[in-house]
Structures are given as C-alpha cells and as structure tokens.
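Visitor:
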Amino acid sequence: MKRVVVTGLGVVSPFGTGLKAYWSGLAAGTCAIRPLSLIDTAGFRCGIGAEVPELTGGSRRRSRADRLALLAAREAVEDAGLGRHERTDTALVVGAVGGGMLEAEAWYWARSRSGADGHPGVFRSVLPYSHAEVVGHALGLGGPRESVVAACSSGAAAVSLAADLIADGVVPCAIAGGADALTRICYMGFNALKLLDTAPCRPFDRDRRGMSIGEGAAFLVLEDAESARARGVRVYAELRGSAITTDAYHATSPHPEGDGMTRAMRSALARAHTAPHEVVYVNAHGTATPQNDRIEARSIRDVFGDGRVLVSSTKSMIGHTMAAAGSLEATATILAVAHDLVPPTANHETPDPDVAFDCVPKTARDVAVDVAVSNSFGFGGQNVTLVFAKS
Amino acid sequence: MTTDVVITGVGIVNAAFTGASEALGAYLTSPRPAAPSFAAGAPGIALADEALSRLVDATEARRMSRVSQLAVAAARLALADARIAGDTPLGLVIGTEFGDLRSTKAFADGYLQRGPAGLSALLFPNTVMNTMAAATSIAVRSREASVTVNAPLVAGELAVARAAAAVANGRLPVALAGGVDQLDGDIVRMIGRLGGAGETHGEGAAFVVLEPRAAAVARGVPILGRIAGWASRVLTARPYGVGRGTTSAAIATALRDADVAAPDVRWIYRSASGDAARDRWEDEVLGDDLVGRPSATLRRDIGRHSGLGALRVAAAAWTARSGLLPSDGGDVVRVPIGPGLVHGLARGGTHVALVVTS
Chain A
0 MKRVVVTGLG VVSPFGTGLK AYWSGLAAGT CAIRPLSLID TAGFRCGIGA
50 EVPELTGGSR RRSRADRLAL LAAREAVEDA GLGRHERTDT ALVVGAVGGG
100 MLEAEAWYWA RSRSGADGHP GVFRSVLPYS HAEVVGHALG LGGPRESVVA
150 ACSSGAAAVS LAADLIADGV VPCAIAGGAD ALTRICYMGF NALKLLDTAP
200 CRPFDRDRRG MSIGEGAAFL VLEDAESARA RGVRVYAELR GSAITTDAYH
250 ATSPHPEGDG MTRAMRSALA RAHTAPHEVV YVNAHGTATP QNDRIEARSI
300 RDVFGDGRVL VSSTKSMIGH TMAAAGSLEA TATILAVAHD LVPPTANHET
350 PDPDVAFDCV PKTARDVAVD VAVSNSFGFG GQNVTLVFAK S
Chain B
0 MTTDVVITGV GIVNAAFTGA SEALGAYLTS PRPAAPSFAA GAPGIALADE
50 ALSRLVDATE ARRMSRVSQL AVAAARLALA DARIAGDTPL GLVIGTEFGD
100 LRSTKAFADG YLQRGPAGLS ALLFPNTVMN TMAAATSIAV RSREASVTVN
150 APLVAGELAV ARAAAAVANG RLPVALAGGV DQLDGDIVRM IGRLGGAGET
200 HGEGAAFVVL EPRAAAVARG VPILGRIAGW ASRVLTARPY GVGRGTTSAA
250 IATALRDADV AAPDVRWIYR SASGDAARDR WEDEVLGDDL VGRPSATLRR
300 DIGRHSGLGA LRVAAAAWTA RSGLLPSDGG DVVRVPIGPG LVHGLARGGT
350 HVALVVTS
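Residue numbers (numbering that gives the first Met the number 0), protein chains in the order written: chain A, 0 to 390; chain B, 0 to 357.
(1) So if DSSP puts I226(B) in a beta bridge, which residue, or which two residues, is it bridged to?
(2) Which bits of chain A does T28(B) rub up against, with CB to CB less than 8 Å?
(3) Give me the chain B residues within the contact set of Y415(A), using Cβ-Cβ distance strictly less than 9 Å, ordered along the chain.
(4) So R232(B) packs on P143(A), CB below 8 Å; how close in whole Å?
(5) Please give me, in chain order, every unbroken run of the beta strand (DSSP E) with length at least 3 that falls completely inside the segment 86-130 of chain A.
(6) Given a cut-off of 7 Å, decide if N13(B) and G203(B) are closer than it, judged by their beta-carbon atoms.
(7) State the start and end residues of the unbroken beta strand (DSSP E) segment that holds C185(A).
(8) Show which residues of chain B have a CB atom less than 8 Å away from the CB atom of S146(A).
(9) How big is the Cα-Cα spacing for A236(B) and G348(B)?
(10) Look up P115(B) in the DSSP assignment and say whether it is helix, strand or coil.
(11) Taking a cut of 7 Å between CB atoms, which residues from the segment 337-355 of chain B lie near chain A?
(12) Less than 7 Å separating the beta-carbons of A156(A) and G94(A)?
(13) Under 7 Å between C-beta atoms, does M187(A) make it to chain B?
(14) Does any C-beta atom of chain A lie closer than 7 Å to the C-beta of T246(B)?
(15) Under three-state DSSP, which class holds A60(B)?
(16) Return the bridge partner residues of P360(A) from the DSSP annotation.
(17) For V239(B), return the contacting residues in chain A, with the cut-off set at a CB-CB distance below 8 Å.
(18) Does G15(A) have its Cβ less than 7 Å from a Cβ in chain B?
(19) With a threshold of 8 Å on Cβ separation, who are the neighbours of A267(A) within its own chain once the five nearest residues in sequence on each side are excluded?
(20) May I ask you to list, following chain order, the residues of the segment 102-121 of chain B that have a beta carbon less than 8 Å from some beta carbon of chain A?
(21) Which same chain residues, not among the five before or five after L23(B), have their C-beta less than 8 Å away from its C-beta?
(22) Between which residues of its own chain and P342(A) is the CB-CB distance below 7 Å, once the five residues before and five after are set aside?
(23) To the nearest angstrom, report how far apart A105(A) and T28(B) are at their CA atoms.
(24) Among V341(B), R292(B), T252(B), which has the Cα closest to the Cα of D88(A)?
(25) Going along chain B, which residues have a C-beta under 9 Å from H136(A)?
(26) Can you name, in chain order, every residue of its own chain whose Cβ lies under 7 Å from the Cβ of A161(A), other than the five neighbours on each side?
(27) For V173(B), decide whether its Cβ has a neighbour in chain A, counting only Cβ atoms nearer than 7 Å.
(28) Run the proximity test for G304(A): is its beta-carbon closer than 6 Å to any non-hydrogen atom belonging to the ligand GDP?
(29) Consider the Cβ of T251(A): report whether some Cβ of chain B lies at a distance smaller than 7 Å.
(30) Could one say the Cβ of A191(A) lies closer than 7 Å to chain B's Cβ atoms, at least one of them?
(31) List, from N- to C-terminal side, the alpha helix (DSSP H) runs of 4 residues or more that fit wholly inside the segment 81-140 of chain B.
(32) With DSSP as the reference, identify every bridge partner of A19(B), one or two as the case may be.
(33) Expressed to the nearest angstrom, what Euclidean distance is found between the alpha-carbon atoms of N129(B) and H338(A)?
(34) Let me make sure I understand the geometry here. Which of T147(B), W266(B), P211(B), L307(B) has the alpha-carbon closest to that of L289(B)?
(35) In chain order, what residues of the same chain lie with their CB nearer than 6 Å to the CB of T103(B), ignoring the 5 residues before and after it?
(36) How about N13(B): is its C-beta nearer than 7 Å to some C-beta of chain A?
Rendered as structure tokens:
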C-alpha cells in the first residue's frame with residue numbers, strides 16, 4: 000500500500016474565496032453565520048446561515064454549487080502545482096448532495112406556476128454528479144471520476160475513497176472534496192426536523208439548540224508520497240488512514256451509543272497504525288444538535304479517554320456546509336497539523352457536563368499537533384473518520 | 000490486486016425479471032419481446048406495484064420510499080442467493096443516477112401547496128441520494144462502509160468496480176454491489192430533450208455479492224463467476240456531452256489486471272442505451288477489434304436504469320459459464336466459454352470496464 004500525502008488545498012467558504020481567507024477566519028474564531036439572503040426565510044423559525052459572500056468567478060450559466068466546486072478545485076490544483084500532463088492520470092472524487100438544486104428549485108417553483116418545462120439545461124446540472132463533470136472537464140482530469148453521496152459526510156467519504164485509489168496504486172494523484180450550495184430543500188428540511196438554532200450554533204455547549212446551515216467547497220490534492228517527493232512539492236500532511244462505517248440503525252438518528260462513530264474512529268486509527276494517545280486534536284462533526292454532540296462526545300471519550308484530546312467544531316464558525324463539511328473540516332484539520340494551531344469552537348459559553356474534553360472555546364490554541372482526526376457523520380448512519388499526521 | 004474476487008450471489012428486481020442466480024439463465028434464454036412494453040401512461044418499462052408488494056411486506060414498505068423498496072428487495076435476494084448470514088460483516092456500494100427524485104418533488108410540492116406547514120419531516124431524508132443505501136443497510140444489517148455512487152448511465156458498473164477493489168484489497172470482507180433507479184416522467188422527458196430521445200427507460204435494482212474466493216470456498220457456496228479486472232477512466236467530453244476521443248486506459252488496464260489478452264475477449268455486455276450519439280461513441284471507443292464481437296445490452300425489455308450494471312455483470316458471469324449470450328436481436332448465440340467484458344461509457348466521458356470470467 001502506498002503512503003498518501005496532501006499537496007494542495009482549495010477552499011470557498013463563508014469567509015470568502017481562498018484558503019487564506021478560510022484559515023484566517025478559523026484561526027481568529029470568527030463566526031460567519033448571519034441572516035440569509037439567498038433564500039426566502041419568511042414563515043420559518045430560523046433565518047440565519049453561513050453564505051459564501053460575493054461569489055465571483057466562473058460562468059453564471061453554471062449552478063452556484065458547480066461554481067463553488069470549480070473555484071475550490073482549481074485553487075487546490077494550482078496550490079499543488081499539478082501540470083496539464085500530470086492531470087491526465089489524476090482521479091477526481093467529489094462528495095455531493097444538493098447538486099444544482101438551488102437553480103432547479105427555482106425552475107420547479109416556476110413550472111408549478113406556469114406549467115411550462117423551460118430549458119432542459121437546468122436538469123443537466125441538478126444531479127450531484129454535475130460538480131464532478133464540470134470540475135473534471137474544466138481541469139482536464141483523465142483518471143477515474145466518481146461522485147459520492149454520503150449525506151453530510153460526503154466530502155470526507157470522497158477523501159477516503161480517493162485515498163484508496165492512491166493506496167491501491169490505481170493513480171498517483173487524486174483531487175477529492177465536496178461542494179454544496181444552500182438550497183431551499185435543505186433549509187426547509189432541517190426546519191421541518193426542528194434541528195436549526197435561531198442563533199448561531201453552539202457545538203458542545205450545554206445550552207446548544209441545534210445547527211446552522213452553510214455552504215462552500217473544499218478540495219484536497221492527494222498524492223502518492225513518492226510521487227510528491229519526486230515532484231519536490233510541499234506536503235501539508237500525511238493522510239495516514241481513514242475508515243467509513245454505517246450504523247444500520249435509523250434513517251436520520253445516529254446509533255444511541257455511537258456504535259458506528261466509534262467503529263469509524265477505531266478502524267481509521269488501526270489503518271493508520273496510530274494509537275489513540277498519539278492523537279492531539281479531533282475536529283468533531285459537532286453539529287450542535289443536542290443528540291449528535293452528546294453521542295459524538297461519548298464516542299470520542301470511548302476511543303480517546305476522558306479529557307485527553309482537544310476537540311473543536313469549526314461548524315460554529317462556518318455552519319454545516321452539508322456535502323462540503325467533510326472536506327472543509329479535513330482542510331481545517333490539515334492546517335491545524337501544518338500550523339500547530341487548533342481552531343476554536345466559537346460561541347461556546349457554558350461547558351456541558353456530558354462533554355468530557357476541552358472544546359477550545361472561542362480562541363485558537365497554539366499546541367504541537369502531530370496527529371489529528373477529522374470526524375464526519377451523516378443521515379443514513381454514515382460515519383467517516385480521517386487521520387492526518389505530520390509528514 | 001491482492002485477492003481473487005468472486006461472485007456468490009445475485010439479486011434482481013425489474014419489470015422483466017425478478018429473482019436470483021438459479022433462475023437468471025432461464026430468463027436470459029427466454030424469448031425477448033420485439034419491442035419494449037409500457038403500461039398505460041408510464042414513461043418507460045415500469046415494475047408493477049403489486050409485484051413490488053410481494054417482495055416487501057406492507058409494514059416495512061410504509062417506512063421506506065418505493066425506490067428504497069426496490070433496493071432492499073434486490074439486496075435480500077442477492078444475500079439469500081449467496082447464503083450470507085445476518086451477522087456477516089458486510090459493505091454496500093450502490094450506484095444510482097436519479098436517486099429518489101419522486102420524494103424530492105413530493106417534499107417540494109408540500110411546501111408549494113401549503114407553505115411551511117406542508118413540509119414533511121419524514122420525506123426530507125429521502126431527498127438525499129443515499130436514502131436507498133440507508134434503507135438497505137438497515138434492512139440487511141450492513142455495518143461496514145456504505146457508499147452511494149452517482150453517475151450518468153454507468154453508476155451500476157462503477158459501483159461493482161469500486162466494491163471489487165474494496166474486497167480485493169481487504170477493506171471489505173463481503174460487498175453487496177449494484178444499482179437502483181425508478182421511473183419518473185420528468186426525468187424521461189428532460190433526458191430526451193438533452194439528447195437521449197432514443198432511449199427506453201426502465202426501473203429496478205440489481206446486486207451481486209462479491210467476496211474473496213478463499214472465503215467463498217471456505218463457506219462452501221457456489222462460485223458464479225469472477226471479477227478478474229476492473230478499471231475506470233474518463234474520456235474528454237463536455238458535461239453530459241458526447242466526446243470525440245477514443246483512447247482510454249480503462250479497457251487496457253482491466254484486461255491487464257485480469258491477465259486477459261484483448262483477442263481472448265470474445266463477447267461483450269455493453270452500455271448501448273438507444274441514445275444514438277452516445278452509442279456511436281461507444282462503438283468508436285471499443286474500436287475495430289472489439290466492436291464486432293457478439294454483444295448484448297439487456298436493455299430492450301428492461302430499460303435504462305442503474306440496476307443494469309450489476310445485472311450485466313451477473314449475466315456476464317452466466318455467459319462465461321454457459322457460453323450463451325442473449326443478443327439484442329433476440330437470439331441466444333453461442334460464444335466461447337471464457338472471459339468477457341462488461342463495458343460502460345457515459346455522456347460526460349466516464350468510462351468503465353470489467354472483465355468477468357467463470
């Protein structure tokens with residue numbers, strides 16, 4: 000099995016376009032959750048979320064989510080210095096959920112009023128695979144192309160599956176990540192489930208009341224360590240191991256004892272040949288729903304022991320970005336390893352007695368981060384854990 | 000490749016055939032209809048609701064959408080065929096092109112008709128395309144990796160290739176791999192306007208059970224076939240477009256990994272769908288060497304849907320054993336017993352090849 004390293008990163012987040020804006024926002028503990036402008040919130044309890052500000056670049060004929068994906072993937076490719084020749088044998092694995100639903104909703108709303116079908120082009124971009132088609136074509140990627148839907152863990156699942164392609168020797172390089180734009184369906188759905196807080200979310204806080212939705216995209220360039228060394232490029236971190244598990248329990252609720260979460264963390268650590276005590280930081284799924292955080296906290300305690308690891312949720316700053324969450328949080332975890340700085344949990348006021356660890360409240364922490372873990376979970380009992388380490 | 004990956008179970012649910020490996024040969028050698036048969040008002044070849052209700056009992060059916068019921072029914076058939084017990088560590092890879100679009104529209108309609116009060120918390124999870132995998136993993140206790148692959152036309156083939164790699168490299172001890180889609184009038188109409196007007200659409204689900212040969216031998220179950228090689232690559236094309244390039248490493252890589260020379264491929268299950276421009280492109284990609292080989296698509300009485308990928312793999316295993324190929328012309332032709340190719344090429348350029356042997 001080949002070693003997999005991270006040689007490029009690209010981000011579009013509620014802090015704006017670019018990796019630098021993302022890391023500056025996280026490191027400063029800035030909360031980018033504000034009143035929503037993209038969708039009509041009239042009649043709903045919650046009117047806030049984390050939108051990407053001033054989305055520029057990319058053809059306006061493309062869906063918002065396709066544009067987010069392409070901007071982030073292009074930055075990652077440039078960051079890694081991948082030339083046109085290298086891209087012909089580069090894989091692309093994209094985690095996606097909403098696809099071009101934001102535009103399709105407008106089309107569907109209009110059709111329900113007028114009865115006319117309109118232009119079929121909107122259908123071409125509505126399905127989740129559209130991001131991979133757009134990114135792959137624009138960047139000239141000739142390796143395997145896959146779109147993966149694993150609900151809110153899609154971006155992390157894409158990273159894990161892309162790493163498998165490199166570890167197995169299928170390709171020397173892969174671009175992996177996730178993208179999602181805000182959509183009415185998503186916003187209304189989480190409202191219907193009563194899972195949204197009316198204030199910016201407070202992960203792991205005793206008084207947390209639910210999540211905040213967001214949007215964005217993040218892509219990683221993963222590379223065979225030997226190939227990266229031969230190219231002489233900077234390595235952010237090694238993706239030492241990963242695992243995907245399934246609860247097989249409920250369509251939306253996690254297993255009450257965190258069975259799938261715990262198995263994902265233990266399996267990823269085993270594949271990474273890493274003992275729990277080596278892990279310094281866990282970037283938690285941390286949605287701020289009472290149920291998720293309680294169960295995830297229990298699982299983290301079961302795997303790492305009481306109070307030993309630092310745990311933060313960057314969703315407190317950028318909201319839950321759905322398919323992009325896993326890769327945005329993987330990026331935060333990689334940068335924590337690269338900069339020896341743990342991003343905080345914003346809005347964290349009151350410790351929860353059921354949460355047995357330091358949540359890095361409000362302020363980033365300077366600490367040597369040799370090994371860090373990123374957790375992502377989703378509807379359908381999907382669990383993904385990624386283990387990153389200094390290379 | 001580190002482990003020999005074999006097929007030990009097959010489960011298929013569609014309008015033309017519902018069953019497992021034992022009955023598959025009889026179906027494949029039965030007379031084919033000269034033209035697809037649509038029920039009144041259906042946009043394609045639909046599975047009758049009564050047929051589905053015989054596979055998923057009413058209590059369980061109330062808890063899941065129709066497309067999830069298709070997936071669960073086929074998965075159970077495949078696992079029973081492979082004699083997989085409920086406590087076996089099991090992974091799941093499902094390909095789908097359209098997911099549960101019906102539920103998504105129903106969710107939106109609730110809002111459009113009644114405002115926020117019309118939103119259904121029960122329907123919302125079905126709007127996420129992994130809902131079929133979620134329902135299936137719960138129904139069959141699949142607790143290892145669960146992956147939903149979304150792709151135009153070849154999602155099922157990609158799912159089988161991905162699962163084969165996971166089994167071969169020790170990440171999954173046993174994998175259920177296949178695909179599922181259901182008919183929807185909006186989909187058929189819009190795809191027709193995007194260039195697929197000649198296609199016949201269908202619905203259903205199909206799975207194969209993949210496991211290491213050593214595990215199958217130790218369990219004493221019949222080995223139905225072997226996935227000897229697989230690969231996917233991309234040919235240059237605009238999103239949902241048909242390209243001009245014909246050079247892809249997918250076929251060569253799959254053959255090399257299978258240790259099969261191109262001249263030894265004597266028959267092909269291919270992804271020709273009736274989309275004339277795409278089908279011509281597939282001819283060109285297969286090239287002069289392969290395009291003349293006896294081929295089958297199984298689409299005529301079943302219709303395009305993501306279950307076809309695993310069905311073609313299951314049928315290829317049967318052809319590799321029996322030396323019989325159900326040609327699209329309606330005849331069953333004799334072919335040499337031995338390796339064959341399952342080939343998929345999608346608009347947009349996703350290209351997948353699987354080498355199947357007995």
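Where a beta carbon is used, it is the ideal one built from N, C-alpha and C, also for glycine.
Guide: In short, the structure shows the following:
(1) V4(B), V355(B)
(2) Simply none; closest approach about 35 Å.
(3) In the structure as shown, chain A begins at 0 and stops at 390. Residue 415(A) is therefore absent and cannot be evaluated.
(4) 6 Å
(5) 89-95
(6) yes
(7) No beta strand (DSSP E) contains C185(A), which is instead part of the alpha helix (DSSP H) from 183-191.
(8) V148, N149, A150
(9) 5 Å
(10) Three-state result, P115(B): helix.
(11) G347, T349
(12) yes
(13) Contact with chain B is found for M187(A), since one of that chain's Cβ atoms lies less than 7 Å from the residue's Cβ.
(14) Chain A, which has no Cβ nearer than 7 Å to the Cβ of T246(B), makes this no.
(15) Here A60(B) sits in helix by DSSP.
(16) T344(A)
(17) Residue identity differs from the one stated: residue 239(B) is Tyr in this sequence, not Val. Within 8 Å Cβ-Cβ: R123, E132.
(18) The beta carbon of G15(A) sits no closer than 7 Å to any beta carbon of chain B.
(19) G240, S241, A242, V372, T384, L385, V386
(20) Taking 8 Å as the cut-off between beta carbons, the residues of the segment 102-121 of chain B near chain A are T103, K104, F106, A107, D108, Y110, L111, G114, P115, L118, S119, A120, in sequence order.
(21) V9, I11, F16, A313, A314, W317
(22) L25, A26, S311, T313, A331, A335, A363
(23) Those two C-alpha atoms are separated by around 48 Å.
(24) T252(B)
(25) V233, T235, A236, R237, P238, G240, G347, G348
(26) Answer for A161(A): A90, V92, A173, A175, L221, listed in chain order.
(27) No, V173(B) does not count as interfacial toward chain A.
(28) Ligands are entirely absent from the displayed structure, and the ligand GDP is therefore not among its contents.
(29) yes
(30) yes
(31) 100-113, 130-139
(32) For A19(B), the pairing in a beta bridge is given by DSSP as G10(B).
(33) 35 Å
(34) W266(B)
(35) T126
(36) no
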